[in-house]
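Peer 1: So the sequences go chain by chain: A and B.
Position in the first sequence (first residue = 1) + 2 = this note's numbering.
Position in the second sequence (first residue = 1) + 2 = this note's numbering.
All C-beta atoms, glycine included, are put in the ideal place defined by N, C-alpha and C.
I'd like to ask you about the structure that follows.
Protein chains: 2
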Amino acid sequence: MTQNTDALVTVPGDEPTWKQRAVERSTRAAKLRAEQRVQRFLDAAQLIITEKGTTDFTVQEVVDRSRQSLRSFYQHFDGKHELLLALFEDALRRSTDQISAAASGHDDPVDALKTAVELLFELSRPDPSAKRPLFTDFAPRLMGSHPAEVRRAHAPLLELLTSLTEEASGAGRLRSGLSPQRAAALTMETVMFVATSSGAPAADDDEHEPATADEVWSFCSGGIISA
Amino acid sequence: MTQNTDALVTVPGDEPTWKQRAVERSTRAAKLRAEQRVQRFLDAAQLIITEKGTTDFTVQEVVDRSRQSLRSFYQHFDGKHELLLALFEDALRRSTDQISAAASGHDDPVDALKTAVELLFELSRPDPSAKRPLFTDFAPRLMGSHPAEVRRAHAPLLELLTSLTEEASGAGRLRSGLSPQRAAALTMETVMFVATSSGAPAADDDEHEPATADEVWSFCSGGIISA
DNA sequence: GGCCGACTGGAAATGATCTTCTCCTCATGG
DNA sequence: CCATGAGGAGAAGATCATTTCCAGTCGGCC
Chain A
3 MTQNTDALVT VPGDEPTWKQ RAVERSTRAA KLRAEQRVQR FLDAAQLIIT
53 EKGTTDFTVQ EVVDRSRQSL RSFYQHFDGK HELLLALFED ALRRSTDQIS
103 AAASGHDDPV DALKTAVELL FELSRPDPSA KRPLFTDFAP RLMGSHPAEV
153 RRAHAPLLEL LTSLTEEASG AGRLRSGLSP QRAAALTMET VMFVATSSGA
203 PAADDDEHEP ATADEVWSFC SGGIISA
Chain B
3 MTQNTDALVT VPGDEPTWKQ RAVERSTRAA KLRAEQRVQR FLDAAQLIIT
53 EKGTTDFTVQ EVVDRSRQSL RSFYQHFDGK HELLLALFED ALRRSTDQIS
103 AAASGHDDPV DALKTAVELL FELSRPDPSA KRPLFTDFAP RLMGSHPAEV
153 RRAHAPLLEL LTSLTEEASG AGRLRSGLSP QRAAALTMET VMFVATSSGA
203 PAADDDEHEP ATADEVWSFC SGGIISA
């Protein structure tokens with residue numbers, strides 16, 4: 003099993019490329035079709051989510067919206083949780099790009115980091131206008147059942163924050179004795195959680211004010227104890 | 003409906019106390035029996051949870067364990083989620099007491115706060131030894147569906163942290179311009195989330211070290227940017 | 001053209017759970 | 001002793017995710 007992983011080569015050096023190409027060509031079409039279908043499921047799900055502002059949709063809804071069938075759904079996805087994960091990763095990737103772009107407009111590394119943190123906070127809040135209720139429901143639920151996958155999804159964002167933090171560190175603007183990687187991880191987790199946690203609101207007798215981006219940045223950057 | 007909430011008084015000032023007493027007496031027994039039953043459900047659920055280390059039990063299991071019936075369960079609880087909430091509140095209350103006790107042994111308010119934060123962190127981690135897998139699964143799930151209730155459950159802990167933070171503030175040990183209430187809220191949320199988030203672990207290729215209590219305290223207290 | 005196999009849609013079947021309901025029994029208080 | 005409400009047993013409803021079946025479809029191949 004260590005060699006010959008799949009049907010790649012039966013006898014090493016054998017199987018002239020023409021045959022591989024033929025197979026490849028006949029494969030490509032199907033692959034494309036599959037990708038389109040997957041995308042249709044993803045689009046439908048995304049639509050439903052932004053529409054009803056929650057991630058509590060049924061597989062059936064997605065299937066109906068995408069004008070495909072359950073049969074097909076399960077042919078392309080291992081299950082609902084894979085669909086969720088895919089959407090989550092995608093949303094996070096888009097947010098990461100957005101944050102990256104915003105942060106790149108700053109010369110001062112600390113300013114960049116601040117911008118990143120504040121934007122991440124805004125993007126992570128529940129329903130800033132019904133656009134992205136994804137993290138709020140997803141991540142928490144998945145965190146319990148599939149922590150590894152959630153971390154995989156977080157990876158690109160974490161990398162971005164790490165690199166921003168490293169720049170700050172390089173400029174000597176990081177507290178001494180603090181690893182940029184760790185700082186970035188803690189910051190990311192804090193921002194995302196506080197955003198979702200203090201976002202939803204609020205029985206009358208509960209004047210829990212929602213926490214502002216400013217406040218969160220102040221907390222992460224400055225801590226709470228005076229030097 | 004604003005007056006006469008229940009069967010307390012039909013005509014204000016009417017209903018001589020003897021009748022009220024009679025009713026009250028005949029009520030008390032039933033009330034006690036009900037409380038016992040509720041407790042049996044709670045105990046059974048708690049047992050199952052600590053036993054299988056997860057909160058994924060079925061109502062049926064609880065019913066069986068408590069040697070009662072579904073009929074009875076739904077007579078005493080609005081549904082499964084109320085049971086969960088009750089257990090959650092209880093666990094949190096116990097943890098709060100424990101933290102309170104630990105913190106009270108310090109003269110220096112900052113030491114007290116540090117102790118509280120570190121203990122809260124430990125208590126919030128997934129499976130420090132299969133004793134308290136409650137927060138880890140509960141809170142996240144509930145946060146999405148019943149944020150108000152989660153906040154209500156968090157209230158006692160938040161009060162404790164707030165009071166500890168206020169003491170630190172009174173001693174001039176808090177960063178200037180920072181409200182003790184807000185600082186406490188942010189700290190609590192950060193600690194609890196980072197604990198659950200960095201607790202579970204970890205695909206081989208993922209050397210995400212779990213974050214230590216020390217690190218978290220350092221982060222909350224000192225922030226990440228040098229003064 | 002005609003055949004073959006992978007892919008699909010459509011819909012019914014499964015299985016797990018939560019929740020409700022019906023039929024009874026029983027202890028308690030009057 | 002009787003009326004009453006609580007409680008037990010278990011069937012019945014409801015939702016969903018996930019599987020299975022049954023039949024067409026479509027593209028490539030002989």
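(1) Apart from the five residues just before and just after A163/B, which ones in its own chain have a Cβ nearer than 7 Å to its Cβ?
(2) Strictly by DSSP, which residues pair up with L176/B?
(3) Report the residues of the region 107-130 of chain B with a CB closer than 7 Å to any CB of chain A, ordered along the chain.
(4) So what does DSSP say about S28/B, is it helix, strand or coil?
(5) So the candidates are H78/B, Q77/B and Q48/B; which of them puts its Cα closest to the Cα of V64/B?
(6) By alpha-carbon positions, which one of D58/B, L44/B and A93/B ends up nearest to Q70/B?
(7) Using beta-carbon positions only, say whether V112/B and K82/B come within less than 9 Å of one another.
(8) Hey, how far is the Cα of P182/A from the Cα of S171/A?
(9) Over the uninterrupted alpha helix (DSSP H) stretch that includes D92/A, give me the two end residues.
(10) From W219/B to F137/A, what does the alpha carbon distance come to, in whole angstroms?
(11) I'd like the list of long-range same chain contacts for I101/A, defined as Cβ closer than 7 Å, with 5 residues on each side in sequence excluded.
(12) Identify whether F59/A lies in helix, strand or coil by the three-state DSSP scheme.
(13) For I50/A, I'd like the list of residues in its chain whose CB is within less than 7 Å of its CB, leaving aside the five on either flank, ordered along the chain.
(14) I want to verify the contact list: residues of chain B whose CB lies under 7 Å from the CB of H210/A, in sequence order.
(15) Could you check whether the Cβ of R134/B sits closer than 9 Å to any Cβ belonging to chain A?
(16) Closest to V196/B by C-alpha separation, out of D216/B, R153/B and E26/B, would be which residue?
(17) Along chain A, in chain order, which residues have C-beta atoms closer than 8 Å to that of E230/B?
(18) Does DSSP put E211/B in a helix, in a strand, or in coil?
(19) Can you tell me whether G225/B is buried or exposed? The criterion is at least 16 other CB atoms within 10 Å of its CB, across all chains shown.
(20) Which value, in whole angstroms, describes the spacing of the CA atoms of A104/B and G174/A?
(21) By how many angstroms is the C-alpha of Y76/B removed from the C-alpha of L87/B?
(22) Where T192/A and C222/A are concerned, what is the direct C-alpha to C-alpha distance, given to the nearest angstrom?
(23) Would R127/B and S97/B qualify as a contact pair, given that the criterion is a beta-carbon distance under 9 Å?
(24) For R184/B and R30/A, what's the separation of their Cα atoms in angstroms?
(25) To the nearest angstrom, how far is the alpha carbon of V40/B from that of R95/B?
(26) In this structure, does DSSP put P135/B in helix, strand or coil?
(27) Among the residues of its own chain, which have a CB less than 8 Å from the CB of E151/A, if the five just before and after it don't count?
(28) Quick one: give me the first and last residue of the alpha helix (DSSP H) that Q183/A is part of.
(29) Along the chain, where does the alpha helix (DSSP H) containing H78/B start, and where does it finish?
(30) Among A155/A, R35/A and L159/A, which residue has its Cα nearest to the Cα of H78/A?
(31) Tell whether a beta-carbon distance below 9 Å holds between T167/A and L159/A.
(32) Do you know offhand how far S178/A's Cα is from I227/B's?
(33) Does the beta carbon of D139/B sit closer than 9 Å to a beta carbon anywhere in chain A?
(34) Where G146/A and D80/A are concerned, what is the direct C-alpha to C-alpha distance, given to the nearest angstrom?
(35) Where does Q22/A sit, in a helix, a strand or coil, going by DSSP?
(36) Can you find a CB in chain A that lies within less than 9 Å of the CB of G81/B?
Peer 2: This is what the structure holds:
(1) Per the sequence shown, the amino acid found at residue 163/B is Leu instead of Ala. Correct list, in chain order: A118, A186, T189 and M190.
(2) Answer is I227/A, bridged to L176/B.
(3) Under the 7 Å Cβ criterion, the region 107-130 of chain B contributes V112.
(4) Secondary structure of S28/B (DSSP, three-state): helix.
(5) Of the listed residues, the one whose Cα sits closest to V64/B is Q48/B.
(6) Comparing alpha carbon positions, the residue from D58/B, L44/B and A93/B closest to Q70/B is L44/B.
(7) The answer is no: Cβ separation not under 9 Å.
(8) About 7 Å.
(9) Where D92/A is concerned, the enclosing alpha helix (DSSP H) starts and stops at K82 to A105.
(10) When rounded, the distance between both Cα atoms is 26 Å.
(11) The residues A118, L121, L122 and L162, in chain order, have a CB closer than 7 Å to that of I101/A in the same chain once the five nearest residues on each side in sequence are set aside.
(12) DSSP places F59/A in coil when its eight states are reduced to three.
(13) F59, E63, V64 and R67.
(14) Result: R153.
(15) False, the Cβ-Cβ gap to chain A never drops below 9 Å.
(16) Closest in C-alpha terms to V196/B, from the list D216/B, R153/B and E26/B, comes D216/B.
(17) Only positions 3 to 229 of chain B appear in this structure, which leaves residue 230/B out of reach.
(18) Under the three-state reduction of DSSP output, E211/B falls in the coil class, being neither helix nor strand.
(19) Looking at its Cβ environment, which holds 16 or more other Cβ atoms inside 10 Å, G225/B is buried.
(20) A104/B and G174/A: Cα-Cα distance of roughly 37 Å.
(21) One C-alpha to the other measures close to 15 Å.
(22) Looking at the backbone, the Cα of T192/A and that of C222/A are separated by about 8 Å.
(23) Against a cut-off of 9 Å, the Cβ pair of S97/B and R127/B comes out as no contact.
(24) Answer to the nearest angstrom: the Cα atoms are 56 Å apart.
(25) Roughly 18 Å separates the two Cα atoms.
(26) It is coil, neither helix nor strand.
(27) The residues are L87 and L144.
(28) Bounds of the alpha helix (DSSP H) holding Q183/A are P182 to S199.
(29) If you look at H78/B, you'll find it in the alpha helix (DSSP H) that goes L72 to H78.
(30) When the alpha-carbon of H78/A is set against those of A155/A, R35/A and L159/A, the nearest one is in R35/A.
(31) Result no, Cβ atoms of T167/A and L159/A do not sit closer than 9 Å.
(32) Cα to Cα, the separation comes out at about 9 Å.
(33) Contact with chain A is found for D139/B, since one of that chain's Cβ atoms lies less than 9 Å from the residue's Cβ.
(34) Near 19 Å, if we compare the C-alpha coordinates of D80/A and G146/A.
(35) Assignment of Q22/A by DSSP, reduced to helix, strand and coil, places it in the helix class.
(36) By this cut-off, G81/B is not an interface position.
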